[in-house]
Amino acid sequence: MIKLQSVTKAYGRVAHALDDVSLHVAKGEIVFLTGASGAGKTTILRLIHMQTRPTKGEVRVSRFSSSRIKRRELPELRRRVGYVFQEFRLLENLSAGENVAFALECTGSPRAKIGPRVQKLLAQVGLAARARSYPRELSGGEQQRVAIARALATEPLVLLADEPTGNLDERASSGVFELFRRINASGTTVVMATHDAELIRRHPDIRVIELETGSVVFDSAAAGAAP
Amino acid sequence: MRSVREALAGFGRAPLLGGLSIGAIAVSLFIVGLFAVAAHNVDRALSGVESRVEVVAYLDDGVDEELVGLAVAEIEAYPEVQQVTYVSKVEALYRASQELTEFSDVFSDLEVNPLPASLVAQLGEDDRTPDAAERVAERIESYDFVEEVRYGREWVDRLYRLRRIVGGGVLLLGASFAVGAALLIGIAVRMAVLARRREISIMKTVGATEAYIRRPFLVEGLLTGLVGGLLAVVLTYGTYRLVDRALLPLEWVPEWWVTIGLGFAGLLGMAAAARAVRRELRGIDVY
Numbered sequence: 001m002i003k004l005q006s007v008t009k010a011y012g013r014v015a016h017a018l019d020d021v022s023l024h025v026a027k028g029e030i031v032f033l034t035g036a037s038g039a040g041k042t043t044i045l046r047l048i049h050m051q052t053r054p055t056k057g058e059v060r061v062s063r064f065s066s067s068r069i070k071r072r073e074l075p076e077l078r079r080r081v082g083y084v085f086q087e088f089r090l091l092e093n094l095s096a097g098e099n100v101a102f103a104l105e106c107t108g109s110p111r112a113k114i115g116p117r118v119q120k121l122l123a124q125v126g127l128a129a130r131a132r133s134y135p136r137e138l139s140g141g142e143q144q145r146v147a148i149a150r151a152l153a154t155e156p157l158v159l160l161a162d163e164p165t166g167n168l169d170e171r172a173s174s175g176v177f178e179l180f181r182r183i184n185a186s187g188t189t190v191v192m193a194t195h196d197a198e199l200i201r202r203h204p205d206i207r208v209i210e211l212e213t214g215s216v217v218f219d220s221a222a223a224g225a226a227p
Numbered sequence: 228m229r230s231v232r233e234a235l236a237g238f239g240r241a242p243l244l245g246g247l248s249i250g251a252i253a254v255s256l257f258i259v260g261l262f263a264v265a266a267h268n269v270d271r272a273l274s275g276v277e278s279r280v281e282v283v284a285y286l287d288d289g290v291d292e293e294l295v296g297l298a299v300a301e302i303e304a305y306p307e308v309q310q311v312t313y314v315s316k317v318e319a320l321y322r323a324s325q326e327l328t329e330f331s332d333v334f335s336d337l338e339v340n341p342l343p344a345s346l347v348a349q350l351g352e353d354d355r356t357p358d359a360a361e362r363v364a365e366r367i368e369s370y371d372f373v374e375e376v377r378y379g380r381e382w383v384d385r386l387y388r389l390r391r392i393v394g395g396g397v398l399l400l401g402a403s404f405a406v407g408a409a410l411l412i413g414i415a416v417r418m419a420v421l422a423r424r425r426e427i428s429i430m431k432t433v434g435a436t437e438a439y440i441r442r443p444f445l446v447e448g449l450l451t452g453l454v455g456g457l458l459a460v461v462l463t464y465g466t467y468r469l470v471d472r473a474l475l476p477l478e479w480v481p482e483w484w485v486t487i488g489l490g491f492a493g494l495l496g497m498a499a500a501a502r503a504v505r506r507e508l509r510g511i512d513v514y
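If you read the sequences in order, they're chains A and B. According to this note's numbering, the first sequence is numbered sequentially starting from 1. According to this note's numbering, the second sequence is numbered sequentially starting from 228.
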């Protein structure tokens with residue numbers, strides 16, 4: 001599903017955000033991407049989402065390749081790869097339901113189907129009753145759930161999450177994480193960047209890829225054991 | 228529908244900038260409009276003068292009138308010529324005494340009529356050009372009994388030069404103001420894009436196409452252009468009415484000029500928006 005082949009990403013001339021990274025994430029897998037700040041976690045997510053291209057090497061997502069994808073094909077890729085941010089990034093002037101509907105509208109969903117689909121998505125993240133609430137009226141955990149519902153609107157094959165529990169307390173954090181597990185259980189590949197060691201420790205069954213200054217220093221799939 | 232709603236919301240978000248853009252288009256097209264009214268009326272005046280453009284051939288004294296009759300028929304058959312009038316010596320004297328009343332004594336004391344007979348060839352509407360006049364003059368000059376041909380070449384030339392200068396002036400002024408208006412619309416659209424940066428970024432994240440993202444801004448440009456154009460028409464018409472009543476009688480420009488002006492304003496707005504939005508959107512990606 002996702003393949004990074006000898007990927008180097010340099011910003012400017014000196015600093016290498018990623019240095020010759022190769023990794024493979026299979027369809028339906030769930031993966032923790034961990035490491036200190038600046039280790040290259042976000043860079044990997046951005047490369048998979050093709051917000052940026054590798055300086056060297058190739059990133060493949062489903063049938064899309066970073067070395068061949070055209071600008072006009074990016075929307076198609078992004079409908080298949082959902083993205084969840086640490087700071088939720090909801091539109092403050094729209095209600096929870098409208099935030100989800102926004103994603104459906106701008107990706108061309110038929111108008112008649114938007115309402116029922118929004119209800120279904122909000123129910124999926126446990127917020128069926130909060131459709132009319134505005135982000136400021138929601139807790140952090142609830143806002144992140146709305147953001148996840150929005151990311152799921154286009155029925156992506158892959159869900160990328162950049163520190164999705166970073167701004168949440170422990171209770172909200174584990175609730176959101178369980179949601180990711182459920183999404184994964186329904187067949188969506190999930191790649192979650194996190195530096196929450198406790199979260200990783202509590203889920204030893206999940207594959208962990210650890211980065212350090214732009215290189216993979218540990219991959220539990222290769223090691224055959226949890227860190 | 229969404230695009231129109233978004234575009235109107237765009238105006239609502241930055242009414243001052245939207246108003247400025249509309250104002251800029253209105254003022255620029257108003258100036259072009261004034262020139263257009265002026266040009267149209269100069270044109271009209273020129274065509275009035277033009278219809279008087281004629282080739283006059285003065286004939287030798289004592290020329291056989293039958294020969295002249297044949298020549299008239301021949302000249303009337305020229306493609307450029309609409310009508311040929313023969314003015315006999317007597318008629319020339321009569322006209323002169325009528326038109327130049329202060330010399331009526333001189334004319335009545337004359338023993339010999341000094342005025343020559345003449346053929347006056349009026350050119351067809353499409354042939355009132357210096358070239359056609361010269362062509363006709365050359366052909367008429369070849370008759371033996373023609374002493375001299377006059378057609379006021381310099382005068383015709385000057386009229387045409389004036390018309391060209393007026394036309395060129397309108398075009399140049401129109402173009403420079405259009406550039407100014409386009410720049411302003413560009414700024415307005417750029418501001419609108421910036422104001423919606425967050426939304427656009429989310430659109431890109433979830434996979435909206437560039438065309439979808441761009442559309443409301445293009446509609447905003449189109450509406451800005453059209454409203455500015457309409458305002459310019461109203462201003463121009465008001466000024467025209469004022470001048471027409473108080474200063475000198477004028478004629479309003481043909482309707483299709485107005486239609487073309489409005490269409491141009493709309494297209495200008497849209498093109499300026501398209502250029503700005505293309506450049507600005509490249510700068511926005513998913514955070």
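Even glycine gets a Cβ: it sits at the ideal position worked out from N, Cα and C. None of the values given here were measured: they were computed from a predicted structure.
If you draw a straight line from the C-alpha of residue i to the C-alpha of residue j, how long is it?
i, j, result
"Phe32 (chain A)", "Gly140 (chain A)", "21 Å"
"Tyr467 (chain B)", "Ala234 (chain B)", "33 Å"
"Phe257 (chain B)", "Gly239 (chain B)", "25 Å"
"Thr154 (chain A)", "Arg46 (chain A)", "18 Å"
"Arg63 (chain A)", "Ser230 (chain B)", "33 Å"
"Pro227 (chain A)", "Val208 (chain A)", "Only weak support is given to the placement of Pro227 (chain A): the predicted model assigns it a pLDDT of 45, under 50, and the question is left unresolved by the model."
"Tyr83 (chain A)", "Val406 (chain B)", "41 Å"
"Arg355 (chain B)", "Gly448 (chain B)", "44 Å"
"Glu212 (chain A)", "Gly246 (chain B)", "54 Å"
"Gln124 (chain A)", "Ile412 (chain B)", "44 Å"
"Glu507 (chain B)", "Lys56 (chain A)", "28 Å"
"Leu327 (chain B)", "Gly351 (chain B)", "29 Å"
"Leu457 (chain B)", "Arg182 (chain A)", "58 Å"
"Val295 (chain B)", "Asp288 (chain B)", "12 Å"
"Leu74 (chain A)", "Ala112 (chain A)", "26 Å"
"Leu152 (chain A)", "Glu210 (chain A)", "26 Å"
"Glu292 (chain B)", "Leu477 (chain B)", "46 Å"
"Tyr11 (chain A)", "Pro116 (chain A)", "44 Å"
"Val280 (chain B)", "Leu400 (chain B)", "31 Å"
"Lys27 (chain A)", "Met1 (chain A)", "5 Å"
In its own chain, which residues sit with a C-beta less than 8 Å from the C-beta of residue i, not counting the 5 before and 5 after it?
i, result
"Ile511 (chain B)", "Val420, Arg424, Ile427, Ser428 and Lys431"
"Ile69 (chain A)", "Met50 and Leu77"
"Ser173 (chain A)", "Gly141, Thr165, Asp196 and Leu199"
Between which two residues does the beta strand (DSSP E) harbouring residue i extend?
i, result
"Val363 (chain B)", "Looking at the DSSP string, Val363 (chain B) is not in any beta strand (DSSP E); the run it does join, the alpha helix (DSSP H), is Pro357 to Glu368."
"Leu160 (chain A)", "Val158 to Asp162"
"Ile209 (chain A)", "Arg207 to Glu212"
"Phe32 (chain A)", "Ile30 to Thr34"
"Leu122 (chain A)", "Counting along the chain, Leu122 (chain A) falls outside any beta strand (DSSP E), though it belongs to the alpha helix (DSSP H) covering Arg111 to Gln124."
"Tyr11 (chain A)", "Segment: none, Tyr11 (chain A) is in no beta strand (DSSP E) and carries neither H nor E."
"Leu342 (chain B)", "Unbroken run through Leu342 (chain B): none, as it is neither H nor E."
Closest by CA to residue i, which one among the options?
i, options, result
"Phe88 (chain A)", "A:Glu178, A:Gln144, A:Ser174 and A:Ser215", "A:Gln144"
"Ser220 (chain A)", "A:Arg117, A:Lys27 and A:Thr34", "A:Thr34"
"Ser215 (chain A)", "A:Ile2, A:Tyr11 and A:His16", "A:His16"
"Arg497 (chain B)", "B:Arg391, B:Ala409, B:Val363 and B:Leu398", "One detail in the question is off: residue 497 (chain B) reads as Met in this sequence, not Arg. Of the listed residues, the one whose Cα sits closest to Met497 (chain B) is B:Ala409."
"Arg132 (chain A)", "A:Leu94, A:Gly126, A:Ile148 and A:Val125", "A:Leu94"
"Arg505 (chain B)", "B:Leu462, B:Val461 and B:Ala438", "B:Ala438"
"Ala161 (chain A)", "A:Thr154, A:Phe180 and A:Gly175", "A:Phe180"
"Thr165 (chain A)", "A:Thr194, A:Val190 and A:Leu122", "A:Thr194"
"Ala492 (chain B)", "B:Leu477, B:Gly452 and B:Thr312", "B:Gly452"
"Val290 (chain B)", "B:Phe372, B:Val433, B:Glu281 and B:Glu352", "B:Phe372"
"Pro343 (chain B)", "B:Gly395, B:Ser315 and B:Ala499", "B:Ser315"
"Asn184 (chain A)", "A:Pro156, A:Gln119, A:Leu168 and A:Arg201", "A:Pro156"
"Arg71 (chain A)", "B:Leu458, B:Ala422 and B:Gly434", "B:Gly434"
"Tyr370 (chain B)", "B:Pro481, B:Phe444 and B:Ala284", "B:Ala284"
"Leu23 (chain A)", "A:Thr43, A:Val59 and A:Arg53", "A:Val59"
"Leu90 (chain A)", "A:Thr52, A:Ile48, A:Tyr134 and A:Ala223", "A:Tyr134"
CB-CB under 7 Å to residue i, same chain, minus the five flanking residues each way: which ones, in chain order?
i, result
"Ile114 (chain A)", "Ala101, Leu104 and Glu105"
"Phe334 (chain B)", "Leu320, Ala323 and Ser324"
"His203 (chain A)", "none"
"Glu170 (chain A)", "none"
"Ile487 (chain B)", "none"
Looking at the unbroken alpha helix (DSSP H) that takes in residue i, where does it start and where does it end?
i, result
"Thr189 (chain A)", "Note, Thr189 (chain A): premise wrong, no alpha helix (DSSP H); beta strand (DSSP E) at Thr189 to Ala193."
"Asp471 (chain B)", "Glu437 to Ala473"
"Glu326 (chain B)", "Lys316 to Glu326"
"Asp353 (chain B)", "No alpha helix (DSSP H) contains Asp353 (chain B), which DSSP labels as neither H nor E."
Report all residues from its chain with a CB closer than 6 Å to the CB of residue i; omit the five preceding and five following residues, and keep chain order.
i, result
"Val21 (chain A)", "Leu4, Val7 and Val216"
"Ser109 (chain A)", "none"
Quick one: any contact between the region 301 to 309 of chain B and the region 358 to 368 of chain B, if contact means 3 or more CB pairs under 8 Å?
yes
Specify whether the region 289 to 305 of chain B and the region 263 to 271 of chain B touch according to this definition: at least 3 beta carbon pairs, one from each stretch, less than 8 Å apart.
no
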